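Below is one structure, written out as structure tokens; comments come after it.
There are 2 protein chains.
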Amino acid sequence: MSDRIKIKALLQTTPTEQQVNVKGWVRTFRNNQFIALNDGSTNSNLQIVVDFENTDAAILKRITTGAALSVTGTLVASLGKGQTVEVKATQIEILGDSDPEKYPLQPKKHSLEFLREIAHLRFRTNTFGAVFRVRNSLAFAVHQFFQERGFVYLHTPVITASDAEGAGEAFKVTNLDLNNPPKTETGEIDFKQDFFGRATNLTVSGQLEGELGAMALSDIYTFGPTFRAENSNTTRHLAEFWMIEPEMAFYDLDDNMDLAEGLLKYVIKYALEHNREDIEFLSQRLQEEEKSKPQQERSDMSLLEKLEFCLNNDFERLTYTEAIEILKNSTQNKKKKFQFLIEEWGADLQSEHERYLVEKHFKKPVILTDYPKAIKAFYMRQNEQDANGHETVRAMDILFPGIGEIVGGSQREERLDKLEQRMDEMGIPKEELWWYLDTRRFGACPHSGFGLGFERLVLFVTGMGNIRDVIPFPRFPKNAEF
Amino acid sequence: MSDRIKIKALLQTTPTEQQVNVKGWVRTFRNNQFIALNDGSTNSNLQIVVDFENTDAAILKRITTGAALSVTGTLVASLGKGQTVEVKATQIEILGDSDPEKYPLQPKKHSLEFLREIAHLRFRTNTFGAVFRVRNSLAFAVHQFFQERGFVYLHTPVITASDAEGAGEAFKVTNLDLNNPPKTETGEIDFKQDFFGRATNLTVSGQLEGELGAMALSDIYTFGPTFRAENSNTTRHLAEFWMIEPEMAFYDLDDNMDLAEGLLKYVIKYALEHNREDIEFLSQRLQEEEKSKPQQERSDMSLLEKLEFCLNNDFERLTYTEAIEILKNSTQNKKKKFQFLIEEWGADLQSEHERYLVEKHFKKPVILTDYPKAIKAFYMRQNEQDANGHETVRAMDILFPGIGEIVGGSQREERLDKLEQRMDEMGIPKEELWWYLDTRRFGACPHSGFGLGFERLVLFVTGMGNIRDVIPFPRFPKNAEF
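Chains as they are written, first to last, in this note's numbering: chain A, 1 to 482; chain B, 1001 to 1482.
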């Protein structure tokens, strides 16, 4: 191991006929002579030139797609095209065989659907190597962004007794014997005898706990798994996904939007700088894929252009009320081409409306603010009623091309009376959230926060079409394999 | 907001009578004149000097412990001791009151037990401010360490159908109506009708999935929550905790130990460099706490000294067999002072033995290797039987003073036949882990990995005594509050 050099580093080395050792997996083996070796450090394979006349035939036979090798040899400039250096092998050790009759990955194009079924092996393909290296960079960039700004990374609980946020249906967590659970006198399950002494579930958001941290540490962020037990079989939903949720004391909605826009640009820039090769590959992949689509469904911009465009343009900021006017007066609406026609203020925006605003009208990312109170969560700060009698809250959603909502946030309601009133109206039990309300009783202050769905971000930056392809082992209805 | 400066930055500013705005929470208010203001960016409070003769009495009354303020004033050199600068307030705005009759946190020492019950407010104390800032730094340092080495951060699933690892009892996850679950013809719960179409639980480790990533990307790490449904009411166990699990292709056990020791030193060094003030505070706190203990229970070294000591010394590496000899021949054992006497090879080491080795015998961190096969997991690489007929595996545990096991790892068994045989012996269903076994069928290679319990690391670096005090909202038997 100590002498092994990774392929990414090797490909950047000046060849001076030095001895090197590389380890990796065979992608292809041509003419009993050229091995394309990959070790996951980069999508570029290293060409190994085999001296087949002096290599044992039994060894040559075992150099098959998927086999693990240790190769020692001389690093030389390559005469072939596609690479600048190659290794002339002096010693090849087969670490692990891969029976070509049985190995599911062959050197040809496999469908994404097929690869999802062998998700334990799909890391070994160019596409998924690139996707998971980009995902890695985006995750680290998120941390670096917040660390540079003095935010404290807070691990909010995954198992929680509070089901009050109403962000979606939660999975139950229990340690009871389900076939024979203890019952109360009235015949209900007796959760007092469960592990935590009460009914618990998997968190749908770390926000409420995050606010507790912000009310002492000023700026915090979470980055952890969240869950929805919703039977959504779409390309945009997962039952288990990762969320980033910053909460900031003393931030108003404008500060909040500035931070969110800054974060998105920062992490996209980071990925472009650190994963240029992977993103170029994915951009190419997307263009290939789109060739099979009718002209009008193809993107105007390549993936790379789309990312650059995001970096170089301010996101368009407007209120929900302004957006409704635009949508109502759009030819799309007038010609009844929306599935859900926009008739009046108060309508919840559907994906088709969001995409119209982003992709057709503004042609750039859009931040919508000040949504109707009736369609938003209880903790959002209430605006004064406007001249038309409309009641809105200080919400903001960031809409991205091809993705729709990527960020949802708000200024939080810091006024105890307004908050309690809204909880009462929405039937949210105040006693369960006594600790949340305490932050409004003691040293309350204006504050804001948002949630960024990490997989949606990865989807955007990799140009993949299905959210199940940007998380290692996706969880969705009827699937928890691996 | 735009003009607000955080207190940590302000305290490092040269005072030139400039106008500044700060926002934070009142820690104390003395003589109607001196506010100690804290915003969580540092443990050091900012002194605000109030011109009480020209300040409204109604405002003065509302400057109470816990209240949120926005203060505008002039930054001047401080004449008082304990700070170099202070702010002469020209304007004080009360953002949020804090009724001193009701606010649970008073400017006095509260017990850790009491603070655990108000974990939503304990971030507002010096101790927990320091603990969670140190925790933040350690988490980021972990990421930075691996990123610098080209590892890919992998999010392994939290919900899993595989219960096979045997690392401990798992929580069940379900979306069934527990009061009225669907049953099969034989009267068992029908998990085919559950969300995932099968019984699922919360992961106890991401290792097995991590290995799948390493067999393509070479080096990966996880950093996520893991769970144990064990009724352990100790100061070292949580039902929900965060683990770091790197897996490395082509690493043998020595490489593995080097990486783990390197990681621990890197993150401790990072915390000492970035959180010196917090760690000094926690070191002081520990010394105070130990004053109430009998002399022989006090530490030889302060927290700071212990951390420096860890950085500056190689960890002691020895085999389990060597450790057993040391323990068997120790006066502790001979005088029967161990609760569990070491009589023969094969005994599982208890906490008292680990602590003896680390704290008494070697007086430094210890790495024990090559444990008896019988007491370790199925996936550890089997050694050849030794001359005494002992069967061991290539395991390694890192033992830390005051903590015991902080890292557990091994070289993994890459030989399919040996692995399957061991699974059969231990009754682990091979068909459930078909995907894991596939990595031994196709391109297997020597590889290694380990798990680092993140909270145990935080415990060590902060010098706290109870693991419930180093995670924001601890989960343990009969407790899932907040």
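From the three backbone atoms N, C-alpha and C, an ideal C-beta is built for every residue, glycine too.
Keep in mind the model is a prediction, meaning the values are calculated, not measured.
Residue i (DSSP reduced to helix, strand or coil)
i	result
SER78 (chain A)	coil
TYR1436 (chain B)	helix
LYS88 (chain A)	strand
HIS1447 (chain B)	strand
ASP1314 (chain B)	coil
MET1001 (chain B)	Because MET1001 (chain B) sits at a pLDDT of 42, beneath the cut-off of 50, its placement in the model cannot be relied upon, and the following sentence gives the value as read from the coordinates. Note: MET1001 (chain B) maps to coil in three-state DSSP.
GLY1129 (chain B)	helix
LEU212 (chain A)	helix
LEU69 (chain A)	strand
GLN1296 (chain B)	helix
MET464 (chain A)	coil
ASP1194 (chain B)	coil
ASN201 (chain A)	strand
PRO1015 (chain B)	coil
Anticipated Cβ contact below 8 Å, residue i with residue j, distance rounded
i	j	result
ALA68 (chain A)	GLY96 (chain A)	4 Å
THR476 (chain A)	ALA161 (chain A)	Looking at the sequence provided, one finds Phe at residue 476 (chain A) rather than Thr. At roughly 26 Å, the Cβ-Cβ gap does not stay under 8 Å, so PHE476 (chain A) and ALA161 (chain A) are not in contact.
SER218 (chain A)	ALA249 (chain A)	5 Å
VAL204 (chain A)	GLY168 (chain A)	5 Å
Paired residues, beta bridge with residue i - DSSP
i	result
PHE29 (chain A)	A:ILE35
VAL407 (chain A)	A:ILE398, A:LEU452
ASP1095 (chain B)	Note that residue 1095 (chain B) corresponds to Leu in the displayed sequence, not to Asp. Answer by DSSP bridge pairing: none, since LEU1095 (chain B) is not bridged.
LYS183 (chain A)	A:ILE189
ASP1219 (chain B)	B:MET1248
LEU253 (chain A)	Beta-bridge pairing links LEU253 (chain A) to no other residue.
PHE1227 (chain B)	B:GLU1240
ARG1381 (chain B)	Beta-bridge pairing links ARG1381 (chain B) to no other residue.
PHE1476 (chain B)	B:ASN1479
PRO483 (chain A)	Past the edges of chain A, shown from 1 to 482, lies residue 483 (chain A), and the structure says nothing about it.
GLY1024 (chain B)	B:LEU1069
TYR1153 (chain B)	B:TYR1221
PRO1303 (chain B)	Just to set this straight, residue 1303 (chain B) is Leu in the shown sequence, not Pro. LEU1303 (chain B) pairs with nothing; no bridge assigned.
GLN1047 (chain B)	B:ALA1036, B:GLU1086
Contact check, residue i vs residue j, beta carbons under 9 Å
i	j	result
LEU452 (chain A)	GLU316 (chain A)	no
VAL85 (chain A)	LEU10 (chain A)	yes
LEU1046 (chain B)	VAL1087 (chain B)	yes
GLN1147 (chain B)	ASN136 (chain A)	yes
LEU1212 (chain B)	PHE1171 (chain B)	no
PHE1128 (chain B)	TYR1266 (chain B)	no
SER1448 (chain B)	ASN1256 (chain B)	yes
ARG1381 (chain B)	SER1410 (chain B)	yes
GLU1323 (chain B)	LEU1357 (chain B)	The residue you asked about is not Glu; residue 1323 (chain B) is Ala in the sequence shown. Yes, the pair counts as a contact, with Cβ atoms nearer than the cut-off.
HIS1120 (chain B)	TYR436 (chain A)	yes
ASP397 (chain A)	ILE367 (chain A)	yes
GLN1083 (chain B)	SER1044 (chain B)	yes
TRP25 (chain A)	ALA1216 (chain B)	yes
GLU185 (chain A)	ALA214 (chain A)	no
THR995 (chain B)	VAL1022 (chain B)	No answer is possible for residue 995 (chain B): the residues shown for chain B start at 1001 and end at 1482.
THR407 (chain A)	TYR371 (chain A)	For the record, residue 407 (chain A) in the displayed sequence is Val; it is not Thr. Cβ atoms of VAL407 (chain A) and TYR371 (chain A): not closer than 9 Å.
PHE52 (chain A)	PHE241 (chain A)	no
THR64 (chain A)	ILE7 (chain A)	no
Within chain C, the residues that residue i reaches when beta carbons sit closer than 7 Å
i	result
PHE140 (chain A)	Of the protein chains in the structure, A and B, none is chain C.
Contact set between the segment 369–394 of chain A and chain B, restricted to residues whose Cβ is under 8 Å from the partner: Of all residues in the segment 369–394 of chain A, none has a Cβ within less than 8 Å of some Cβ in chain B.
Any residues in the segment 144–174 of chain A with a beta carbon nearer than 7 Å to a beta carbon of chain B? Which ones, in chain order? Of all residues in the segment 144–174 of chain A, GLN147, GLY150, VAL152, TYR153, LEU154, HIS155, THR156, PRO157, VAL158, ILE159, THR160, ALA161, PHE171, LYS172, VAL173, THR174 have a Cβ within less than 7 Å of some Cβ in chain B.
What residues in the segment 1309–1320 of chain B bring their beta carbon closer than 9 Å to a beta carbon of chain A? So the list is empty, because no residue satisfies the distance condition.
Contact list for the segment 86–99 of chain A against chain B, Cβ threshold 9 Å: Residues of the segment 86–99 of chain A with a C-beta atom less than 9 Å from some C-beta of chain B are LEU95, GLY96, ASP97, SER98, ASP99, listed in chain order.
Got a sec: which bits of the segment 1071–1084 of chain B sit with their beta carbon under 9 Å from any beta carbon on chain A, in order along the chain? Shown here is that no member of the segment 1071–1084 of chain B has a Cβ falling below 9 Å from a Cβ of chain A.
Can you list, in chain order, the residues of the segment 1251–1271 of chain B whose Cβ is nearer than 7 Å to any Cβ on chain A? Under the 7 Å Cβ criterion, the segment 1251–1271 of chain B contributes TYR1251, ASP1252, ASP1255.
For the segment 1185–1199 of chain B, enumerate the residues whose C-beta is nearer than 7 Å to any C-beta of chain A, in chain order. Listed in sequence order: GLU1188, ILE1189, PHE1195, PHE1196, GLY1197, ARG1198.
Taking any Cβ of chain B, which residues in the segment 108–122 of chain A have a Cβ under 9 Å from it, in chain order? Flagged, chain order: ILE118, ALA119, HIS120, LEU121, ARG122.
Residues in the segment 436–447 of chain A with C-beta within 9 Å of chain B's C-beta atoms, listed in sequence order? Cβ contacts with chain B: TYR436, ASP438, THR439, ARG440, ARG441, PHE442, GLY443, ALA444, CYS445, PRO446.
Identify each residue in the segment 23–42 of chain A for which the Cβ-Cβ distance to at least one residue of chain B is less than 7 Å, and report them in chain order. For the segment 23–42 of chain A, the beta-carbon criterion of a distance under 7 Å to any beta-carbon of chain B is satisfied by LYS23, TRP25, ASP39, GLY40, SER41.
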